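Residue numbers (our numbering): 4 to 365.
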């Protein structure tokens with residue numbers, strides 16, 4: 004019986020060895036060439052061992068052509084020159100597409116039904132001065148929202164670092180025609196940088212067991228000055244220039260020069276701040292509330308006015324950032340109106356309610 008087992012094993016081994024592919028000298032050379040195509044040290048004369056799935060039977064490394072097609076041009080990769088042009092025969096309906104042209108028809112635009120009058124290859128309705136398209140899905144009005152861009156995310160499960168830029172849009176409603184020529188809003192429209200709010204942004208997310216140490220690289224306010232509330236954009240933020248903001252329970256007995264809803268979209272600044280030279284500081288204080296900051300002793304967010312105080316701590320910057328993105332958000336663009344309930348009510352209604360509730364005199 005044992006002899007039969009040995010005989011069967013011998014026959015099986017012989018069959019396997021006989022079935023193995025016998026390679027000619029030319030085939031071995033061809034396969035070695037395919038393998039060495041992925042050797043990054045070949046230009047230095049070093050023959051490295053390169054792991055491949057097919058052991059050289061197939062070429063597993065691409066983009067090796069010295070001349071490639073880009074659009075209707077032929078480009079020499081090594082010489083970095085255009086070596087020819089392709090003439091498209093527009094009258095030949097059977098002509099083959101050029102280069103990678105077929106790729107544009109392989110993935111239909113998922114939003115094509117929402118924009119039937121526009122090609123999916125247009126950008127911002129062909130009007131990038133008026134619209135933005137931060138995530139490639141759909142054009143949005145440029146002057147409405149808080150847009151936060153996150154990049155260069157790094158760290159681990161418990162510690163995260165990111166580079167962040169924020170852009171807030173603000174409409175200054177100047178119904179009284181006050182002179183703003185010596186303020187941060189000295190043009191009909193423009194952009195101002197809130198440098199005090201840039202820098203290290205720290206936040207300890209105990210519930211998620213994550214500590215965020217982000218870099219708030221840029222905080223800007225794109226503003227426009229109008230004379231009527233009707234000119235405010237759908238998702239915009241508003242700063243009203245008013246005659247008087249009285250003491251109320253909300254101001255805790257303090258006679259305020261400005262007022263804002265914390266994390267909201269509406270604020271107000273008294274015209275009197277233009278005369279005593281405190282308008283810019285007061286306006287930035289209220290913008291801080293709009294971005295989610297609360298009162299804090301000392302610095303820009305002090306509840307009692309300290310002339311010249313403009314500092315914002317790393318913890319406060321962390322709170323500004325947290326009102327836009329959480330610790331788990333990675334690289335990308337985040338739009339506040341898509342994630343906040345503050346945009347469910349018309350901005351004009353919010354302003355009127357704000358003025359009425361706080362008994363503000365315009």
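Heads up, the beta-carbon is just placed ideally off N, CA and C, and yes, glycines get one too. Please read these numbers as outputs of a predicted model, since none were measured by experiment.
query	result
Assumed close pair residue 341, residue 327 - CB separation to whole angstroms, cut-off 8 Å	With 8 Å as the limit, residue 341 and residue 327 do not qualify as a contact, their Cβ atoms being about 11 Å apart.
First and last residue of the uninterrupted beta strand (DSSP E) at residue 286	Element bounds for residue 286: not the beta strand (DSSP E) but the alpha helix (DSSP H), 282 to 293.
In DSSP terms, what residue 263 is bridged to	270
Cβ-based burial, residue 353 [other Cβ within 10 Å; buried from 16]	buried
Among 238, 277, 30 and 42, nearest to residue 184 - alpha-carbon criterion	277
Residue 191, DSSP secondary structure in three states	coil
The segment 310 to 325 contacting the segment 257 to 270, beta-carbon criterion three pairs below 8 Å	no
Cβ-based burial, residue 196 [other Cβ within 10 Å; buried from 16]	exposed
Range of the contiguous beta strand (DSSP E) that encloses residue 172	162 to 176
Collapsed DSSP secondary structure at residue 107 in the structure displayed	Only weak support is given to the placement of residue 107: the predicted model assigns it a pLDDT of 49, under 50, and the value that follows is read from those uncertain coordinates. The answer is helix: DSSP assigns residue 107 an H, G or I state.
Reference residue 228; option with closest CA among 257, 181, 217 and 304	181
7 Å Cβ shell around residue 155 - same chain, five flanking residues per side excluded	165 and 166
Spatial distance of residue 217 from residue 92 (CA atoms)	54 Å
Continuous beta strand (DSSP E) assignments of at least 3 residues falling wholly in the segment 202 to 259	202 to 208, 213 to 229 and 240 to 245
Where residue 28 sits in the DSSP three-state scheme	helix
Inter-residue CB distance, residue 86 and residue 80 (contact presumed, cutoff 8 Å)	So it is not a contact: roughly 10 Å between Cβ atoms.
Through-space distance from residue 323 to residue 222, alpha-carbon basis	10 Å
For residue 357 and residue 269, believed in contact at Cβ under 8 Å, the rounded distance	4 Å
Nearest neighbour of residue 57, chosen from 126, 247, 37 and 119 [CA to CA]	37
Through-space distance from residue 176 to residue 139, alpha-carbon basis	32 Å
Of the residues 291, 201 and 240, the one placed nearest residue 348, counting alpha carbons only	240
For residue 90, the nearest candidate out of 84, 76 and 279 (CA to CA)	76
Exposed unless 16 or more other CB atoms sit within 10 angstroms - verdict on residue 382	Since the first residue shown for the chain is 4 and the last is 365, residue 382 is missing from the structure and cannot be characterised.
The alpha helix (DSSP H) enclosing residue 359, as first and last residue numbers	350 to 360
For residue 125, the residue or residues it bridges with in DSSP	DSSP lists no partner for residue 125.
Residue burial classification, residue 107 (beta-carbon count within 10 angstroms, cutoff 16)	Confidence in residue 107 is poor, its pLDDT being 49 and thus under 50, which makes the residue's placement too unreliable to answer from.
Beta carbon of residue 279 nearer than 8 Å to that of residue 187	no
Terminal residues of the alpha helix (DSSP H) in which residue 374 lies	With the chain represented from 4 up to 365, any question about residue 374 goes unanswered, as that position is not in the structure.
Buried versus exposed call for residue 320 [16 or more other C-beta atoms within 10 Å across all chains shown]	buried
Complete runs of the beta strand (DSSP E) confined to the segment 26 to 82 [at least 3 residues]	70 to 73 and 76 to 79
Opening and closing residue of the alpha helix (DSSP H) in which residue 307 lies	Element bounds for residue 307: n/a, residue is neither H nor E.
Backbone secondary structure at residue 321 - three-state DSSP	helix
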